[in-house]
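So the structure is just underneath, and the comments pick up after that.
Numbering (this note's numbering), first residue to last: 6 to 307.
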């Protein structure tokens with residue numbers, strides 16, 4: 006049987022292309038489906054089979070990867086809550102690579118097991134460029150034999166695969182990592198904004214920051230976007246808002262304060278309100294600039 010991949014968005018498409026290349030080298034076939042059919046074209050060109058409907062992917066595959074935008078989309082392609090659900094998942098390994106709540110993932114794992122399938126959660130850390138380069142970090146959780154089946158396939162899309170234990174431990178890891186990412190990019194944008202208003206040479210600022218201990222793939226990628234004012238999406242504001250909401254809920258469920266996340270989430274909400282939901286998360290600098298403008302225009306109080 007083939008390997009299946011459903012969800013060819015900003016992240017899913019390059020991930021599926023890397024998987025298709027890996028399978029082709031082994032003489033195996035990838036079958037894909039996406040709601041927006043045009044996004045399948047690069048996969049067809051790479052030799053993958055394009056299914057006419059999501060159900061066809063399940064029919065022809067022993068392992069199906071899902072990289073969906075949200076839980077509702079995941080439920081829809083699985084046919085969750087319909088008679089087709091058991092038919093789709095029975096005898097198959099379903100790999101959820103999207104970012105969901107731990108509660109959602111645990112419940113889905115139980116339903117798939119009851120229907121005769123196996124479930125692996127494998128969220129990834131990284132954005133569009135690492136997805137293209139195959140340098141994502143995959144966090145994986147599930148039954149050991151199911152994880153063993155999918156790990157070589159995950160390695161074709163990732164530079165590192167970390168086994169986290171039982172479901173939903175991989176998503177708990179992913180949400181914790183996301184808090185750091187969200188707060189880091191927000192702080193980077195605020196630092197860049199301050200440097201701009203202090204008259205700092207921004208190219209030199211970028212050089213100094215990246216040369217020191219704070220330099221990272223994140224700082225290098227996002228600072229270049231800030232310098233160029235190029236907010237072509239790598240990780241969209243809309244997705245950051247969704248993920249920060251999941252982290253917020255996880256923190257509250259654990260009884261944990263999240264002051265940096267709370268401040269960052271507000272700024273991403275303000276960025277979305279500026280009509281920038283489809284731009285890269287570095288565009289949060291626009292919300293910071295808008296706050297500066299409002300502050301500058303406010304009359305001084307006695």
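All C-beta atoms, glycine included, are put in the ideal place defined by N, C-alpha and C.
Proximity of the region 65-83 to the region 101-118 meets the contact definition, three or more beta-carbon pairs being nearer than 8 Å.
Shortest Cα-Cα distance from residue 167 to any of 158, 144, 113, 32 involves 144.
With a minimum length of 3 residues, the unbroken runs of beta strand (DSSP E) contained wholly in the region 120-199 fall at 123-126, 141-147, 163-170. The shortest CA-to-CA distance from residue 185 to any of 154, 271, 22, 252 is the one to 252. Shown here, residue 206 sits in coil according to DSSP, grouped into three states, outside any helix or strand. Three or more Cβ pairs drawn from the region 277-297 and the region 241-250 lie within less than 8 Å of each other, which places the two stretches in contact. The beta carbon of residue 227 sits closer than 7 Å to the beta carbons of 190, 193, 287 from its chain, once the five residues preceding and following it are set aside; these are given in chain order.
Residue range 66-71 is occupied by the beta strand (DSSP E) that includes residue 70. With 16 or more other CB atoms across the displayed protein chains lying within 10 angstroms of its CB, residue 110 is buried. If you look at residue 37, you'll find it in the beta strand (DSSP E) that goes 35-38. Excluding its 5 nearest sequence neighbours in each direction, residue 269 has C-beta neighbours in its own chain below 7 Å: 187, 188, 191, 249, listed in chain order. For a cut-off of 8 Å, the C-beta gap from residue 107 to residue 255 is around 7 Å, short enough to register as a contact.
Under the three-state reduction of DSSP, residue 54 is assigned to strand. Here DSSP, grouped into helix, strand and coil, assigns residue 287 to helix. Residue 239 is positioned such that its CB atom lies no closer than 7 Å to that of residue 165. For residue 236, no alpha helix (DSSP H) encloses it, and the DSSP letter there is neither H nor E. Per DSSP, residue 261 lies in no beta strand (DSSP E) and is assigned neither H nor E.
With a beta-carbon spacing of about 6 Å, residue 162 and residue 24 fall inside the 8 Å limit used to define contacts.
When only Cα atoms are considered, residue 85 and residue 91 end up about 8 Å apart.
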